[in-house]
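*Asks:* Here's a structure for you.
Number of protein chains: 2
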Amino acid sequence: MKARLEDIARAAGVSKMTVSRVLRDGSGFSDQTRQKVIEIAEQLGYVPNRLAAAFGSDQAETLVGMCVPRLTSGLFGHVLDGVDRALGRLGFQLIIGASDHSIDAEEAWIRQVVSWRPAGLILSGRHHTAGTIELLRSASIPVVEIWDLTTSPIDMAVGFSHADCGTEMARHLLARGHRKAGYVGALARSDVMGQARFEGFRDAFVRAGHPLVDAELLQDTPGFYAGYYGLETMLSRNNDVDAVYFHNDEMAIGGLAFCQSRGLSVPEEIGIAGWGGMEAASILQKRLTTTVVPTTSIGKAAAEALVAKLKGEPVQTVTIVPTRLVPGETV
Amino acid sequence: MKARLEDIARAAGVSKMTVSRVLRDGSGFSDQTRQKVIEIAEQLGYVPNRLAAAFGSDQAETLVGMCVPRLTSGLFGHVLDGVDRALGRLGFQLIIGASDHSIDAEEAWIRQVVSWRPAGLILSGRHHTAGTIELLRSASIPVVEIWDLTTSPIDMAVGFSHADCGTEMARHLLARGHRKAGYVGALARSDVMGQARFEGFRDAFVRAGHPLVDAELLQDTPGFYAGYYGLETMLSRNNDVDAVYFHNDEMAIGGLAFCQSRGLSVPEEIGIAGWGGMEAASILQKRLTTTVVPTTSIGKAAAEALVAKLKGEPVQTVTIVPTRLVPGETV
DNA sequence: GTTAAATACGTTACCGGTAAATCAGACGCA
DNA sequence: TGCGTCTGATTTACCGGTAACGTATTTAAC
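If you read the protein sequences in the order shown, they are chains A and B.
Per the working numbering, the first sequence starts with residue 3, numbered consecutively.
Per the working numbering, the second sequence starts with residue 3, numbered consecutively.
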């Protein structure tokens, strides 16, 4: 990692500016010079120093930061994948961080990342601290907020409405004859997006004249166990429930496992609905009724919006990526 | 994002070097100066420029690169999480990339990332291109190879032996009376670590005098569907198999779903074994026999090894993180 | 054959921090 | 009083690129 432009320049008998030009775009030098420079660069094992380039010119910035609530969520893995594929192709590097559903942690992370002068940021959710918003506005960094839709984004947004997901599922349960619904969630109140689904669901039942019979908001991470025990807790308290909407598919599958272990027939005795559309949901003996979220598309769309903005192309400020309620055999 | 050290310096009536010192460590200035500088920095909304810092001094480098085979793998999500938690605490930023199980793609990614002069790299697997190895050796960047163990790492390694996982599971199946084993894998030959498990499994059966009856290596991604259809394909070809080892738990669960749909009793008619230890495996009506991999620990250990090396502390070159075969009710 | 424009370069200055060396004044002490 | 030491600062040089501009030389145009 010793070789610098100047070393190549000296060896090639040209100036370092010429080397710089050859190694980047391509104009202002002869073919002969080009070949010589490239040959020597290769020979010397030249590794460009983007730190210097980005620092010196403000142009060559190719870092993009992305903050997700949890790295362990299967859904976000797909979003990340979508972003990475779209950005990687264009030579961007992806810096990631996890907020643990805390907007304060998100702000702390953003402050760190902004000091690297990223070309853009992708954030999850539409709730941010005042400090975050002020920082991003004043720094005028392109920002895409994904996952939860907002009509007044900091800059751009790609997502869907979590509240609508809850409402839609409530209507589906109602249409299928369920009247005594419950909700089992996790991460308590810290996951505002899960909370939005819950509220959309709850309010729709209220409007239909059938307020929720019960709701169980656990502190745990929203996994299979939480779904299993969450349903157990609710049913031990309240035997009246005839359908349960879960925080996500993992939890719903945990709930299904509980029903199976207790010999509860689904959906006759109790209906089960999830959210997220994980692959496992569709391969169960009884396909899970759930809302499929186009994770990869969201990541891709977010990355593309960011890149378009960077190129100065016109960009749609808010992109709605529709979710799809997929009826299974559990409701 | 206008304020620079010099702006603060001017406003505080000191030199920018004094401001730099105040804002970092803390020595060589009076309490009075410190308070004034900090106050003005805050007031001006100063955002440090790490690009300049890292470029100018080589010391302030806080980027760490991490390359995983697939971002969509649940297991790697946990590894990433372990790394991120350990590094984030210490002020490091994590740059991620996905190799899609291709060492050439890995090399391309590394070349990009190295130009940002990262403090260290975390790579997955022990196979790398000659170019990668040469580049990393000559640049003398701290590197941790995770996931698959190697006794001669580029620099450091944290992991376990995939071949041993396969061997151990083979012994378990043999001990439980299975003699006609098959293997259903995915990603064909490109996932060398899955391949290693397969070979460890296969060879152990051969050594026991019971060569595998069949093996099905799909091209697909190793998910539920692939497991379902992989097993279907194998059984339609070969009805003789009495136990199947799968590429991972997702596929094994897919295989279980297939058995259920065909009324095959598990483990009486056919034994099913997975690998990875995903949470779902332990909540199935029949707990899946699988190998639990300490994903988060591996991430944490890798990050800690890297940081120790950066601090100049003595580091264990190879850290073995043991996996655990957890017998379920499917074998 | 003179001038204009294009080509192929070289020079200079600068990006915003940090390391290292230097310096002024206060203090302790012989 | 004079000298070394400590504290709290300043000064200078530099990291490795790139933008902007300057300068020969060649080619095209009239």
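No residue lacks a Cβ here, since even glycine has one placed at the ideal position from N, Cα and C.
For the candidate residues B:K182, B:R209, B:S192, whose alpha-carbon lies nearest to that of B:A217?
*Replies:* Answer by Cα proximity: B:K182.
*Asks:* Let me know if A:A88 comes out buried or exposed under the rule of 16 or more other beta-carbons within 10 Å of its beta-carbon.
*Replies:* By the 10 Å Cβ count, A:A88 comes out buried.
*Asks:* What in chain A is Cβ-close to B:H80, meaning under 7 Å?
*Replies:* Here the neighbours are T74.
*Asks:* How many whole angstroms separate the CB atoms of B:T291 and B:P329, which I take to be in contact at a CB cut-off of 8 Å?
*Replies:* Correct: roughly 5 Å between the Cβ atoms.
*Asks:* Roughly how far, in whole angstroms, is the beta-carbon of A:T74 from the beta-carbon of B:D83, given that I think they are within contact range, below 8 Å?
*Replies:* Correct: roughly 5 Å between the Cβ atoms.
*Asks:* Only counting the same chain, and skipping five residues up and downstream in sequence, which positions put a Cβ closer than 7 Å to that of A:V215?
*Replies:* Excluding residues within five positions, the ones whose Cβ falls inside 7 Å are K182, A183, G184, N240, D242, V243.
*Asks:* Using beta-carbon positions only, say whether A:S22 and A:L7 come within less than 8 Å of one another.
*Replies:* Yes. Within cutoff.
*Asks:* Locate the alpha helix (DSSP H) running through A:Y227, then write down its first and last residues.
*Replies:* Run containing A:Y227: 226 to 239, per the alpha helix (DSSP H) assignment.
*Asks:* Does chain B have any CB closer than 8 Å to the CB of A:N51?
*Replies:* True, the Cβ-Cβ gap to chain B drops below 8 Å.
*Asks:* Shorter than 8 Å from the beta carbon of A:E270 to some beta carbon of chain B?
*Replies:* Output row for A:E270: interface = no.
*Asks:* Opposite A:S126 in the DSSP bridges: which residues?
*Replies:* Paired residues: A:I148.
*Asks:* Residues of chain B with CB closer than 9 Å to the CB of A:S117, please, in chain order.
*Replies:* Per Cβ cutoff of 9 Å: V49, P50, N51, R52, L53, A55.
*Asks:* Output yes if chain A places a C-beta closer than 8 Å to the C-beta of B:Y2; else output no.
*Replies:* No answer is possible for residue 2 of chain B: it lies beyond the span of chain B, which begins at 3 and ends at 333.
*Asks:* Please report how far the alpha carbon of A:L237 lies from the alpha carbon of B:I40, in whole angstroms.
*Replies:* Distance between the alpha carbons of A:L237 and B:I40: 56 Å.
*Asks:* Roughly how many whole angstroms lie between the Cα atoms of B:A310 and A:F203?
*Replies:* So the alpha carbons of these two residues sit roughly 49 Å apart.
*Asks:* Is the Cβ of B:Y185 closer than 8 Å to any Cβ of chain A?
*Replies:* No, B:Y185 does not count as interfacial toward chain A.
*Asks:* Output, in sequence order along the chain, the residues in the region 135 to 162 of chain A whose CB is closer than 7 Å to any CB in chain B.
*Replies:* Going along the region 135 to 162 of chain A in chain order, one finds S140, A141 with a Cβ nearer than 7 Å to chain B.
*Asks:* So which residues of chain B does A:A364 contact, with C-beta pairs closer than 9 Å?
*Replies:* Because chain A spans 3 through 333 in this model, residue 364 of chain A falls outside it and cannot be assessed.
*Asks:* Look at A:E147 and A:T131 and say whether their C-beta atoms are less than 8 Å apart.
*Replies:* Contact flag unset, no.
*Asks:* In this structure, how does DSSP classify B:I143 when only helix, strand and coil are distinguished?
*Replies:* Note: B:I143 maps to coil in three-state DSSP.
*Asks:* My parser needs the alpha helix (DSSP H) runs of 4 or more residues fully inside the region 155 to 215 of chain A; what are they?
*Replies:* Listed in chain order, the complete alpha helix (DSSP H) runs (minimum 4 residues) inside the region 155 to 215 of chain A are 164 to 177, 194 to 209.
*Asks:* Quick check on this structure: which residue in B:R26, B:T35, B:K4 has the alpha carbon closest to the alpha carbon of B:V16?
*Replies:* If we check each option's Cα against that of B:V16, B:T35 comes out closest.
*Asks:* Does the beta-carbon of B:M19 have 16 or more other beta-carbons within 10 angstroms, so that it is buried, or is it exposed?
*Replies:* B:M19 should be labelled exposed.
*Asks:* Looking at chain B, is there any beta carbon in it that lies within less than 8 Å of the beta carbon of A:A282?
*Replies:* Chain B contact via Cβ: present.
*Asks:* By the criterion of Cβ-Cβ separation under 9 Å, what are the contact partners of A:G93 in chain B?
*Replies:* Simply Q114.
*Asks:* Is it the case that the region 264 to 276 of chain A contacts the region 167 to 179 of chain A, given that we only count it when at least three CB pairs across the two stretches are under 8 Å?
*Replies:* Taking 8 Å as the limit for Cβ pairs, the verdict is that the region 264 to 276 of chain A does touch the region 167 to 179 of chain A.
*Asks:* Can you confirm whether A:Q221, when its beta carbon is compared against all beta carbons of chain B, has any partner nearer than 8 Å?
*Replies:* Chain B, which has no Cβ nearer than 8 Å to the Cβ of A:Q221, makes this no.
*Asks:* Does the beta carbon of A:L286 come closer than 8 Å to any beta carbon on chain B?
*Replies:* True, the Cβ-Cβ gap to chain B drops below 8 Å.
*Asks:* How many angstroms separate the CA atom of B:P224 from the CA atom of B:A141?
*Replies:* If you take the alpha carbons of B:P224 and B:A141, they lie about 35 Å apart.
*Asks:* Across which residues does DSSP place A:T321 in a beta bridge pair?
*Replies:* A:V160, per the DSSP bridge assignment.
*Asks:* Which chain B residues are close to A:A259, counting only those with a beta carbon under 8 Å from its beta carbon?
*Replies:* I285, L286, Q287, listed in chain order.
*Asks:* In terms of residues, what are the limits of the alpha helix (DSSP H) holding B:L82?
*Replies:* 76 to 90 is the span of the alpha helix (DSSP H), which, as asked, contains B:L82.
*Asks:* My understanding is that B:G229 touches B:M253, with C-beta atoms under 8 Å, so please give their C-beta distance in whole angstroms.
*Replies:* Sure, about 3 Å apart at Cβ, within 8 Å.
*Asks:* In whole angstroms, what is the alpha-carbon distance linking B:G58 and B:W118?
*Replies:* Their backbone Cα atoms lie some 13 Å apart in a straight line.
*Asks:* For A:T169, which residues of its own chain have a beta-carbon under 6 Å away from its beta-carbon, when the five flanking residues on both sides are left out?
*Replies:* Closer than 6 Å at the Cβ level, and outside the excluded window around A:T169, lie G202, A206.
*Asks:* So which residues on chain B does A:G225 lean against when the C-beta distance must stay under 8 Å?
*Replies:* The answer, in chain order, is E281.
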